[in-house]
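Trainee: Position 108 of the sequence shown, counting from 1, maps to 195 under our numbering, and the rest follow consecutively.
All residues carry an ideal CB built from backbone N, CA and C; glycine is no exception.
After the structure tokens below, expect a handful of questions from me.
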Amino acid sequence: MKKGASGLIVENLLGIDNNNRDEADLPEIGCEVKILPLQLNKSGDIKAKEPTAIQMINYCQVAQETWETAKLRTKINITFWVVYLAKEKGKKLNQDDYIIIDYFLDHPDATQLLVFKKDWEEIQAYISRGDADKLSCSMGVFIEPKTKGANNQDKTNAPDGKGGFIQARRRAFYYKKNYTNTQIIPNLDLSVINSNGA
């Protein structure tokens, strides 16, 4: 199975085409589907294995948006998280051995949306003033602008803050592990992992 196969399998089960559209995976109900790999640490803690991609950042588009009109909002409004164990006590599991542990329907409340808004506005400010290439995945509390491209030379147009353009590395909005660790994982039934991993 290739990398990302778990996500493709779930999409196929739900009848979703693999895509990178602005609209949600299930547009009829405005619901996005995300696959969340977990890792069971040697300490017994269960955490997100990695940040979760939301959507590619179109720098020129984001620079023209406000939080109220941001395309990102359609991707985080309602999310169906499907969770599986991918790494156990330092050892990666074979994709053939992945088992869905639990699922959770996430609809951020007003308090959570304020954090998303602050994160997005910080990222948008960098882009608008011509600093898209200075974005860092250390930014944000719930979302981060993580590089996503073939290599360091995979660049695209971004505003230079003066009406022109610069070239900036491609990035995508990602849910930080902080979000999935604190807002998603506590809502899951992880008894299967706890009983097997103890």
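1) Between the alpha carbons of I165 and Q240, how many angstroms are there, rounded?
2) I think D202 touches V228, with their Cβ atoms under 8 angstroms apart; what is that distance to the nearest whole Å?
3) What is the C-beta distance between G117 and T153, in whole angstroms, given that I count them as a contact (C-beta under 8 angstroms)?
4) Of the choices R216, L125, R257, K178, whose alpha-carbon is the least far from that of G250?
5) In angstroms, rounded to a whole number, what distance separates the CA positions of G248 and Q151?
6) Report yes or no: do three or more beta-carbon pairs, one from the stretch 184 to 199 and one from the stretch 134 to 150, lie closer than 8 angstroms?
7) Please confirm whether Y261 and K233 have their CB atoms less than 7 angstroms apart.
8) Is it buried or exposed for V279, if we count other Cβ within 10 angstroms and need 16 for buried?
9) Report buried or exposed for I210, applying the criterion of at least 16 other Cβ atoms within 10 angstroms of its Cβ.
10) Quick check on E208: buried or exposed, where buried means 16 or more other Cβ atoms within 10 Å of its Cβ?
11) Could you round the C-beta distance between D220 and L275 to whole angstroms and report it? I think they count as a contact, below 8 angstroms.
Mentor: Result, derived from the coordinates:
1) I165 and Q240 have their C-alpha atoms spaced approximately 34 angstroms apart.
2) Correcting the residue identity first, residue 202 is Val in this sequence and not Asp. Beta-carbon to beta-carbon, V202 and V228 are separated by about 5 angstroms, close enough to satisfy the 8 angstroms threshold.
3) Contact between G117 and T153 fails: their C-beta atoms lie close to 20 angstroms from each other, not under 8 angstroms.
4) Relative to the Cα of G250, the nearest Cα in the group R216, L125, R257, K178 belongs to R216.
5) Using only the alpha carbons, I get a separation of about 12 angstroms.
6) Flag = no, the stretch 184 to 199 and the stretch 134 to 150 do not touch.
7) By the CB criterion at 7 angstroms, Y261 and K233 fall inside the cutoff.
8) That one is exposed.
9) Counting every other CB atom within 10 Å of its CB across the protein chains shown gives I210 a total of 16 or more, marking it as buried.
10) Classification for E208: exposed.
11) With a Cβ gap of about 37 angstroms, D220 and L275 do not count as contacting.
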